[in-house]
Ligand SMILES: NC(=O)c1ccc[n+]([C@@H]2O[C@H](COP(=O)([O-])OP(=O)(O)OC[C@H]3O[C@@H](n4cnc5c(N)ncnc54)[C@H](O)[C@@H]3O)[C@@H](O)[C@H]2O)c1
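Numbering (the working numbering), first residue to last: 771 to 1033.
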């Protein structure tokens, strides 16, 4: 705990972090932030090739800036509980884990009436069960480290629907419920918070609007801050919530939407 005269930098020196779905988009930006602030960072993704590339680029960037650069990657499908368990053991190398960022997620555009049941189940399995599997596997390691934190990435869809369909909105609302529960269950050892991004310019977002470029224009006019969010906007909040600067914050759900939802 920092007293009024005890100023401390936002730093992850000597700490370790696992970020899921970090080959691209928000997860990649989060891995950059955490590693840039000193964390030994492990990038997990279903897309091993892009994950490896992301890790190499991040290592080179940090090296060129003369910063410490411990960045690893692993091909992990978070919807496979056994793979998550084994990968977690390898990622922490017996040391404990300071930060888990549950960011991996997926969506498709589908109406409820015609939604294949397999799609509903797959989306819940990746977004919600995957987040649960990662938390479950990380908890024993997080408990070994003082000040450990989980940051879950849900979505504004948990509040207002949308995001492709009911499968997505329900999976994200489930993540927020899990966050609130784990914050109680894991206190005082591990803090747990979620972030609800909205309209962040990533591949996932572009895929949803690829068919309707005019829609994007309209959308920006609905955002009080008059721009789409960038992955770095979310990465900054992830770093804050994972850090000692948020030492008294747990069980919170932070909406990051440029002011769009409540105006
Ligand atoms: N972009 C937005 O506007 C927005 C809004 C709300 C919520 N989100 C959430 O933010 C998170 C990141 O989104 P993004 O926009 O950066 O998406 P993205 O598609 O750009 O990146 C997601 C990454 O997750 C990986 N992934 C998917 N399924 C996986 C699995 N089973 N195991 C491991 N990795 C897997 C993908 O390979 C990809 O690299 C997601 O959970 C998404 O639902 C995004």
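Just so it is clear, CB atoms sit at the ideal spot from N, CA and C, and this is done for glycine as well.
In three-state DSSP terms, what is residue 869? Residue 869 sits at position 99 when you count from the first residue of the chain shown. DSSP places residue 869 in strand when its eight states are reduced to three.
Do you know offhand how far residue 796's Cα is from residue 975's? Taking the first residue of the chain shown as position 1, residue 796 is located at position 26. Taking the first residue of the chain shown as position 1, residue 975 is located at position 205. Spanning the two alpha carbons is a distance of roughly 11 Å.
Less than 9 Å between the beta carbons of residue 935 and residue 942, yes or no? On the chain shown, residue 935 is found 165 positions in, with the first residue counted as 1. On the chain shown, residue 942 is found 172 positions in, with the first residue counted as 1. In this structure, residue 942 does not lie closer than 9 Å to residue 935 by Cβ.
Under the assumption that residue 959 contacts residue 919 (Cβ atoms under 8 Å), give the Cβ distance between them as a whole number of angstroms. Your numbering for residue 959 matches position 189 in the chain shown. Your numbering for residue 919 matches position 149 in the chain shown. Their Cβ separation, rounded to whole angstroms, is 10 Å, which puts residue 959 and residue 919 out of contact at 8 Å.
N- and C-terminal bounds of the alpha helix (DSSP H) containing residue 910: Along the chain shown, read from residue 1 onward, the residue named residue 910 stands at position 140. Where residue 910 is concerned, the enclosing alpha helix (DSSP H) stretches over 900 to 912.
Residues near residue 810 by beta carbon distance below 6 Å, same chain, minus five either side: Walking along the chain shown from the start, residue 810 turns up at place 40. 786, 840.
Got a sec? Which residues, its chain only, sit under 8 Å from residue 808 by beta carbon, not counting five neighbours each side? Along the chain shown, read from residue 1 onward, the residue named residue 808 stands at position 38. Only 781, 782, 783, 784, 785, 837, 838 meet the Cβ criterion.
May I ask which residues mark the beginning and end of the alpha helix (DSSP H) holding residue 893? If you number the chain shown from 1, residue 893 lands on position 123. Looking at the DSSP string, the run of the alpha helix (DSSP H) that includes residue 893 is 887 to 893.
Which value, in whole angstroms, describes the spacing of the CA atoms of residue 995 and residue 805? Residue numbering aside, residue 995 sits at position 225 when the chain shown is read from its first letter. Residue numbering aside, residue 805 sits at position 35 when the chain shown is read from its first letter. Each residue's Cα considered, the two are about 28 Å apart.
List the residues that DSSP assigns as beta-bridge partners of residue 963. Taking the first residue of the chain shown as 1, we reach residue 963 at position 193. Answer is 921.
Do residue 873 and residue 824 have their beta-carbon atoms positioned less than 9 Å apart in this structure? As a position in the chain shown, residue 824 is number 54, starting the count at 1. As a position in the chain shown, residue 873 is number 103, starting the count at 1. No. Outside cutoff.
Taking 8 Å as the cut-off, is the beta-carbon of residue 1024 closer than that to any non-hydrogen atom of ligand 1? For the purposes of this step, residue 1024 is taken as residue 254 along the chain shown, with counting starting at 1. Result no, Cβ not under 8 Å from ligand 1.
Outcome for residue 843 when other beta-carbon atoms lying within 10 angstroms are tallied against a minimum of 16: The residue given as residue 843 occupies position 73 in the chain shown. Buried, since its Cβ has 16 or more Cβ neighbours within 10 Å.
Could you check whether the Cβ of residue 841 sits closer than 8 Å to any heavy atom belonging to ligand 1? One-based indexing of the chain shown puts residue 841 at position 71. For ligand 1, not one heavy atom lies less than 8 Å from the Cβ of residue 841.
Touch test, the stretch 846 to 854 against the stretch 890 to 907, Cβ-Cβ under 8 Å, three pairs minimum: yes
Which full runs of the beta strand (DSSP E) of 3+ residues lie inside the stretch 953 to 1007, going along the chain? 960 to 967
CA-CA distance, residue 1008 and residue 817? Translated into positions along the chain shown, residue 1008 becomes position 238. Translated into positions along the chain shown, residue 817 becomes position 47. Their Cα atoms are separated by approximately 22 Å.
Per DSSP, residue 790 is paired with what? Position 20 of the chain shown, counted from the start, is the residue given in the question as residue 790. In the DSSP output, where bridge partners are listed per residue, residue 790 has 814.
Mapping the DSSP letters down to three states, classify residue 1024 as helix, strand or coil. Here residue 1024 refers to the residue found at position 254 of the chain shown. Here residue 1024 sits in strand by DSSP.
Could you spell out the range, first to last residue, of the alpha helix (DSSP H) harbouring residue 862? One-based indexing of the chain shown puts residue 862 at position 92. 851 to 862 is the span of the alpha helix (DSSP H), which, as asked, contains residue 862.
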